[in-house]
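Reading through the structure tokens given below for one structure.
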């Protein structure tokens, strides 16, 4: 095959191409007036429609759910079904309500699937639901048991996708759906670049599309945030000095056995987990007494860090309860800690605090801020959200605020501590102004939508930048929001608060910078491109599937060249077809060939295209219909295809492979 000079009929495979297509109008099933149409959404919606497997990065509260609804509308309008996963049951219930509100479908076809439904009934639900919402754990379990067929759905939506870093059920779900023609749409508030790249790989995404917060400021009121530092009273300073001294001694002893990232300060949770994995591996290999000692030191550090966090930054009573439990615990780490003079002195001081009903200074500061916010608020009932990461301190904080502020205060937990129905009921009551103050744990951090939170008070600092963005995004959705983080003037609070805020702002800057470059893979400089071939939708709903090699080719494309990564014949579904994972320098895509003559034809075609084979895909663009049709006589496999531009005459002379 001779190389030719480029002319008007050729298109360079690696040249930049338009990254977005026009957004189709809403289908007849979509209630358009109920779907937010924000200008900042349109590039993301267009990219998600143009690319089968894409992730959307946007700040909390910018309407990622409505992006998913716009993309789902196209799938539902074509007769396909949609599966939405969310990490918590209350969030699943919220998504179900949003989809029911935005689509004209029977209520029983928008289903929240939980483990409470019997297995036999779940199989029937998966089969007949047009829109199914479930936690990733429920979906992964049903996939493993064979209750759920992933080919049943044409679109998988993964909410809170940043959780898919390691050992998260959504990874197994995405792996199962990646082996089907289904499209995958992932939604996240963001994370650092390395984490997003791991998530992209784990969820089998082609690239990320970023929506900067600046693009939403016209549509969304601004958020003012500040940090309030609370000084430690003398008695608490003494407790803190004792705890930090013991933690430092344990850290130094541990560092003598296992190298640590930092030689001073508090060991971060991520570092403790990494060190724990190293220690367990050495113990499993019979590493000797030093590694058993390291295991004891790690356990002691975890226990004391938890107690110190409760005592210094959360609640005296809960800290004392943990210390009392430590005194009775039979483990070697507990035995070492309970004879430490500093721990004994801290327990004595905490007993005095509890006996005298001394209130934690952070609780006093938050109560004063709640009273001030209620007094300043005008026009309608106030809605004040207080975020606390810990369950027991959150319950005690809610009880204290109810007494100190003289207003009804409720607390909502995750599904382990509270039934989903009760959590949904409390969130609805808060949304409709039945009570002014809601104390919430991490359940409210992940996607729960309360439109008019006037004040947000963060009692426990976020652990990382993503949490900072999520918590901050709980306010300022329909009115000017205010977010205040309360921290004790101690390293346990300071290191988390300022680090999380800095990382969160860095993520938002990264998103703002990436948004101007089109789809991002997270890998080295991404090439803005719209692939010529995309995975066709396949659904159990009866519909006529055109027997084209590629559907919806990129507009204006004459031909495209790919290398086969793998090829297989799929014979156990409604219609035999060949699935081929192919790729170029911009990434991998999937080609499908439907086989009207049965499984034997599919096997022969799959065998003809082993790994490494080059494929040229040709199509003709029609100006009147704005579509490209594929000529069956111009599908060719070429063993060696040197890089360069090729004219149509070069490859139409070659005999068809089948």
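Residue numbers (the working numbering): 9 to 666. Glycine is no exception: its CB is placed at the ideal position from the N, C-alpha and C atoms.
Leaving aside the five residues before and after residue i along the sequence, list all residues of the same chain whose C-beta is less than 8 Å from its C-beta, in chain order.
i: residue 170; result: 196, 197, 198, 199, 203, 204, 207 and 474
i: residue 437; result: 418 and 443
i: residue 4; result: The question about residue 4 has no answer here: the residues shown for the chain are numbered 9 through 666.
i: residue 374; result: 394, 405, 409, 465, 467 and 494
i: residue 552; result: For residue 552, the predicted structure reports a pLDDT of 30, less than 50, and the residue's modelled location is therefore unreliable. A value from the coordinates is still provided. The answer is none, since no qualifying residue turns up.
i: residue 39; result: 109, 110, 111 and 112
i: residue 492; result: 233, 234, 235, 236, 377, 463, 464, 465 and 466
i: residue 356; result: none
Going by other Cβ atoms of all chains shown within 10 Å of its Cβ, with 16 needed for buried, is residue i buried or exposed?
i: residue 319; result: buried
i: residue 522; result: In this prediction, residue 522 scores a pLDDT of 49, lower than 50, which makes its location untrustworthy; no coordinate-derived value is stated.
i: residue 271; result: exposed
i: residue 89; result: buried
i: residue 281; result: exposed
i: residue 461; result: buried
i: residue 217; result: buried
i: residue 36; result: exposed
i: residue 127; result: exposed
i: residue 79; result: buried
i: residue 152; result: exposed
i: residue 176; result: buried
i: residue 616; result: exposed
i: residue 564; result: Per-residue confidence for residue 564 stands at a pLDDT of 34, beneath the threshold of 50, marking its modelled position as unreliable; the derived number appears in the next sentence. The residue in question, residue 564, is exposed, as its Cβ has fewer than 16 Cβ neighbours within 10 Å.
i: residue 335; result: exposed
i: residue 512; result: buried
State the DSSP-derived secondary structure class of residue i, mapped to helix, strand or coil.
i: residue 88; result: coil
i: residue 151; result: helix
i: residue 49; result: helix
i: residue 365; result: coil
i: residue 616; result: helix
i: residue 506; result: helix
i: residue 590; result: strand
i: residue 384; result: helix
i: residue 127; result: helix
i: residue 116; result: helix
i: residue 271; result: coil
i: residue 479; result: helix
i: residue 577; result: strand
i: residue 374; result: helix
i: residue 212; result: coil
i: residue 446; result: strand
i: residue 471; result: coil
i: residue 297; result: helix
i: residue 256; result: helix
i: residue 398; result: coil
i: residue 500; result: helix
i: residue 122; result: coil
Using a Cβ-Cβ cut-off of 7 Å (strictly less than) and excluding sequence neighbours within five positions of residue i, which residues of its own chain qualify?
i: residue 248; result: 240, 320 and 498
i: residue 156; result: 134, 147 and 150
i: residue 250; result: 350, 353 and 354
i: residue 104; result: 118, 120 and 141
i: residue 385; result: 462
i: residue 123; result: 146
i: residue 101; result: 120, 428 and 432
i: residue 343; result: none
i: residue 185; result: 158, 164 and 192
i: residue 389; result: 441 and 444
Please say whether residue j and residue i have beta carbons closer to each other than 8 Å?
i: residue 345; j: residue 311; result: yes
i: residue 500; j: residue 317; result: yes
i: residue 62; j: residue 56; result: yes
i: residue 476; j: residue 509; result: yes
i: residue 165; j: residue 261; result: no
i: residue 99; j: residue 167; result: yes
i: residue 586; j: residue 620; result: no
i: residue 255; j: residue 274; result: yes
i: residue 283; j: residue 306; result: yes
i: residue 34; j: residue 81; result: yes
i: residue 210; j: residue 179; result: yes
If you drop the 5 nearest sequence neighbours on each side, which residues of the same chain put their C-beta closer than 6 Å to that of residue i?
i: residue 725; result: Outside the displayed span of the chain (9 to 666) sits residue 725, for which this structure offers no information.
i: residue 190; result: 161, 162 and 164
i: residue 402; result: 396, 419, 447 and 449
i: residue 577; result: 586, 610, 611 and 614
Touch test, the stretch 93-112 against the stretch 143-151, Cβ-Cβ under 8 Å, three pairs minimum: yes
Below 8 Å, can you find three or more Cβ-Cβ pairs linking the stretch 404-419 to the stretch 364-377? yes
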